[in-house]
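There are 4 protein chains.
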Amino acid sequence: MGTPMARNLLAAGHPLTVYNRTREKAEALRAQGARVATLPGDAARGAGVLFTMLANDEAVEDVIFGSAIQNLGRGAIHVSASTISVELSKRLADAHAAAGQGYIAAPVLGRPDAAEAKKLWLIAAGPRDQIERCRPLLEALGRGITVAGEEAWQANLVKIAANFVLASMLETLGESFALVRKSGLQVHQFAEILNALFRSPVYENYGAIIADQRYQPAGFKMRLGLKDVDLALAAAESATVPMPLAGLLRDHYLEGIARGHGDEDWAAIAKVVAENAGLDGAAAKPRTGTAT
Amino acid sequence: MGTPMARNLLAAGHPLTVYNRTREKAEALRAQGARVATLPGDAARGAGVLFTMLANDEAVEDVIFGSAIQNLGRGAIHVSASTISVELSKRLADAHAAAGQGYIAAPVLGRPDAAEAKKLWLIAAGPRDQIERCRPLLEALGRGITVAGEEAWQANLVKIAANFVLASMLETLGESFALVRKSGLQVHQFAEILNALFRSPVYENYGAIIADQRYQPAGFKMRLGLKDVDLALAAAESATVPMPLAGLLRDHYLEGIARGHGDEDWAAIAKVVAENAGLDGAAAKPRTGTAT
Amino acid sequence: MGTPMARNLLAAGHPLTVYNRTREKAEALRAQGARVATLPGDAARGAGVLFTMLANDEAVEDVIFGSAIQNLGRGAIHVSASTISVELSKRLADAHAAAGQGYIAAPVLGRPDAAEAKKLWLIAAGPRDQIERCRPLLEALGRGITVAGEEAWQANLVKIAANFVLASMLETLGESFALVRKSGLQVHQFAEILNALFRSPVYENYGAIIADQRYQPAGFKMRLGLKDVDLALAAAESATVPMPLAGLLRDHYLEGIARGHGDEDWAAIAKVVAENAGLDGAAAKPRTGTAT
Amino acid sequence: MGTPMARNLLAAGHPLTVYNRTREKAEALRAQGARVATLPGDAARGAGVLFTMLANDEAVEDVIFGSAIQNLGRGAIHVSASTISVELSKRLADAHAAAGQGYIAAPVLGRPDAAEAKKLWLIAAGPRDQIERCRPLLEALGRGITVAGEEAWQANLVKIAANFVLASMLETLGESFALVRKSGLQVHQFAEILNALFRSPVYENYGAIIADQRYQPAGFKMRLGLKDVDLALAAAESATVPMPLAGLLRDHYLEGIARGHGDEDWAAIAKVVAENAGLDGAAAKPRTGTAT
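Protein chains in written order, with this note's numbering: chain A, 1 to 292; chain B, 1001 to 1292; chain C, 2001 to 2292; chain D, 3001 to 3292.
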């Protein structure tokens, strides 16, 4: 995910130093003009704005508290684009403020191909002036920005809630497809009906993935799906909000991982549901239904 | 729901005899050229095509097995537009076939205002020739028709599954809004973000209803929402398909009815979820968030 | 189940005419003095008290409305020992009253071996004088009787609720054993700890069955477990009571049946839970834990 | 909980230094011969065995890593009696080993009145010789000890799993009582039937509490119930085990806390269930049912 974002920043003419655990990924950006850092903290040194796009809370904590916060200058801004917990985002805001640095959250919505095509949607939050200073960089990354509020964690919460909505649409597709398929109807036709009725690109894209049972290669892995649902449940518990549907998603992701599907696309939650209905994971029959 | 459908049939130039339990509703159609029947069976006598648009299985059973099937001539076709069970649809197919009559199912998707505007979507199923004979009538009712198969019950199953998808979107809105609202963010702004991301008219329409807490007057009552989820669970049990999300919807509709919200719009499932998070049902604060 | 009950009635000296779909089962009772009826209705003819012990609502409806109610004399009493729905029990009460007959419900708790050992527990309900008239017969069947009320359906409701409690204990054992087992501990030892703490014969008996994974032969089949949970959900919906745990049990029984375990013991709900955790159904290792 | 445990240790003749955040609680033990420490770390200094009985992970971390581990001598043993996470128990084992100290876990089952009456049950785990050295102390605390294994965390896992079983019995009572009560039957009579059938002291004690709706004063608060269910879910996620019933308990405890019942007894999960069925929390009618 970081690579296409870096490419878009470079393409927009912004000077950029990159770091990646997998050195080759960073080196591949040199041709486009990026400088390559040897250590994560080196990317922070002298930067006006530091972007982080990492897998989870632990990775962000390691990089920021490990060295980046010491190396980042006073007045520089950390833009956290990762999907992290509300709680960590609050701690980062405090730590950067104590170091005389800025901090905004700008998590992104979209899969790697959307990032490549500059079609991400960004949810930003933080002090208004800091967001404005970073706006040209954020605009280089996607098709639009929504400002969620003046405290960085608010963007993280919105991202977490939006991902919950997306995951719940996958579960919904899974259950309705299992019902339709086991009753003897064509799931591809049913997917088309849902498109006609609900007209969401989510049902269109994921409906096709699930009807075709194309869970590999993963655009976003089931393990990460579990991580995101856990973030929703943690935020909900902090706010004392029961979210039984989020709990159901969590159980199904755990089932999928327990059965060995953890590296498949998170849409494979529909496969878990199908297996629970005694349907095998084999490819569904090709579409032959009629629609007018 | 029957009234706007009848109007559209009359407007398209089809002669029509109408029956409604509430005589005034039927009489109101006389000005547009409808004849009014005194008993449900009378509407069937001499008809080439008989439409039924009734509240539930029991009402359809009463009308059809009570008198309509005797009064309907051989070769006539019964078009069942109600949302009824798969099991009743199969019994109707058998009974009409035994009486030398045709039978197709053509349940409709859309609320009364969509029916009025001729914007319903129809899911039809049954013998191909019978559907073709009825097509001009079906086209008079909405904006499109999907043919789900050659057995009538298939349309009922698709309708039931599509309604389950819709209800699950309401639950999803309810849980995500409760999380966002109790964390101190603006639900109207969050609703806009969901629209930008998922671009479904369902999220747009219902997102606004739920954010505004406009649950009365009901476009579709919570009691009917429960009925439809029960139809999904019954069809799923027949096919031995677990649908835990449908079970969750059922529990929340039961909770809403138990707390006295049964005559509110089925979107008030979001109110049940909010109450379970300790949020009162009072109107949310007016929208003041910023979005760019 | 009917056979040991019949044996106990005969052993207590009551004259008895028996009917069973499987003629051999009825014939086997002839040696103990039973007369054997050729048709179910024949068993009712001339009887002072008619017991029914049948699989489900449909079987009871067939027998009673099919012929027994016509053949049973005025003043005779029908004792329904089957686990049937509250709704059917109310219809039976009305029908028998209209025919000048008595009707009480006396569902039994216990498995076939408990019936054999005269250790069933009976929940009886109905008009007080009718229960008293039948008391010697009921006492011949088990170790105790609880009178639930003066309307027969009340006993059916209590039976349904008690079976829900039992099924929920099986789910609880399943989830806790899966956690303990997959964490690397001995389930047999954990089962012993539960016995020490909670001292219920249910945990003792079923804990051993589940720890040993002895799901065949079934004492009570998973399909019947589903039927009983469905009765609880139906009664709960009539009373507008959400029972999310009952919904969870239903989903797990459906999963088990969908995966081909429908004829195993209903304790195999724990196998469904174990499979969902990626544990195979193979026998657990023999017990080697230490306990003092 | 710590006070009755301290009393039992003193009564058995063991010299004891006590610390409690609330000084009065510690002082009250002086009359029985306890020495009172001013700081938690002081209680550790010079002790051969250090017991901790604290509310949650955070409290144990504060005390042990804050000062106790430095003050405790080489060769001394820390006996952790609190219900803490598997993960913290593993960290404690490592830290104490590194400091040349012993560490066993010995969480207790039972409420304060059971502790008072020396009727706790202890689940111990850790190196065999350390458990043997502490056995006289453990025996002074309760009616029995089960050794769960040679690694301390195993006792914590068993405790967590056993508490999950107990909480699930409360949910089960809640749902079945709501069904019975809203159907118009007496819950006290139903509670007696459950006792006759399942013969567990848990159903007996908690069945009476729930039937009487005696949720205050709390023997164990709903907030602590939520904490324990969260420990089960965390251990289950580590082992990749879905526990949907634990998720349901979590939702109901969150609902209860959100509605303001957080300081009531954790049996009030049954009140949450009753409220969801539209039943008020007012006292149930006194018992008038008949049972024989």
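C-beta: ideal position from N, C-alpha, C; glycine also. Only a predicted model underlies this, so the values are computations on that prediction, with no experimental measurement involved.
Using a CB distance cut-off of 9 Å, A/D42 does not count as an interface residue toward chain C.
A/M222 has a beta carbon lying at 9 Å or more from every beta carbon in chain D. In the structure shown, B/I1084 falls within a coil segment according to DSSP collapsed to helix, strand and coil. In the three-state scheme derived from DSSP, where H, G and I count as helix and E and B as strand, A/V241 is classed as coil. Contact of A/L254 with chain D is assigned, a C-beta pair being separated by under 9 Å. Below the 9 Å Cβ cutoff, chain C contributes no neighbours of B/T1172, its closest Cβ being approximately 18 Å away. Look at A/D265 here: in three-state DSSP terms it is strand.
Separation of the CB atoms of D/A3267 and D/Y3215 is rounded to 6 Å, and the pair is thereby assigned contact status at 8 Å. By the criterion of at least three beta-carbon pairs nearer than 8 Å, the segment 127-137 of chain A is not in contact with the segment 178-188 of chain A.
Secondary structure note for D/I3209: its alpha helix (DSSP H) is the uninterrupted segment 3201-3212. Only residues of its own chain outside the window of five on either side were considered, and among them A2178 have a CB closer than 6 Å to the CB of C/A2274, listed in chain order. By the neighbour-count criterion, in which a residue is buried when 16 or more other Cβ atoms sit within 10 angstroms of its Cβ, C/Q2070 is exposed. Along the segment 247-273 of chain A, the positions whose C-beta sits under 8 Å from a C-beta of chain D are G247, L248, R250, D251, H252, L254, E255, I257, A258, read in chain order. In the three-state scheme derived from DSSP, where H, G and I count as helix and E and B as strand, A/H14 is classed as coil. Here A/T3 is near A/A28, since their CB atoms are less than 9 Å apart. Cβ neighbours of A/I269 within its own chain (closer than 8 Å, five residues either side excluded): A167, L170, E171, G174, M222, G225, L249, H252, Y253, G256.
Each residue's CA atom was taken as its position, placing D/K3227 and D/L3120 some 20 Å apart. A distance below 7 Å between beta-carbons, with the five flanking residues on each side excluded, links C/A2026 to the following residues of its chain, in chain order: V2018, Y2019, N2020, V2036. Pairing B/I1123 with A/A218, the inter-Cα distance amounts to about 34 Å. For the pair of segments examined, the segment 1147-1158 of chain B was found to touch the segment 184-200 of chain A: the number of CB pairs separated by less than 8 Å reaches three.
Nearest C-alpha to B/A1117 among B/L1054, B/L1231, B/R1007: B/R1007. In the three-state DSSP reduction, C/R2074 falls in the coil class, being neither helix nor strand.
Taking B/L1054 as reference, the option from B/A1234, B/P1107, B/A1099, B/F1164 with the minimal CA-CA separation is B/P1107. Ranked by how close their Cα comes to the Cα of C/V2165, the residues C/A2232, C/L2010, C/G2073, C/P2040 have C/A2232 in first place.
Against D/E3058, chain A offers no close residue; the least beta-carbon distance is about 14 Å (beta-carbon pairs closer than 7 Å). Nearest to A/H188 by C-alpha distance, out of A/F198, A/I209, A/V79, is A/I209. Among the residues of chain D, none has a CB under 9 Å from the CB of C/L2029; the nearest is roughly 28 Å distant.
Nearest to C/E2132 by C-alpha distance, out of C/L2109, C/G2102, C/A2115, C/L2197, is C/G2102.
Annotation for D/L3157: the continuous alpha helix (DSSP H) segment containing it runs 3152-3182. The alpha-carbon of A/D263 is positioned some 19 Å away from that of C/L2279.
Here DSSP, grouped into helix, strand and coil, assigns C/F2220 to coil. Between the segment 1039-1056 of chain B and the segment 1065-1080 of chain B, the count of C-beta pairs closer than 8 Å reaches three or more; the two stretches touch. For B/L1138, the enclosing alpha helix (DSSP H) covers residues 1128-1139.
According to the DSSP assignment, D/G3142 belongs to no alpha helix (DSSP H) but to the beta strand (DSSP E) extending over 3142-3149. The beta carbon of D/V3272 is closer than 6 Å to those of H3252, E3255, G3256 in its chain, skipping five residues each way along the sequence. Residue contact with chain B for C/T2083: absent (no Cβ-Cβ distance below 9 Å to any residue of chain B).
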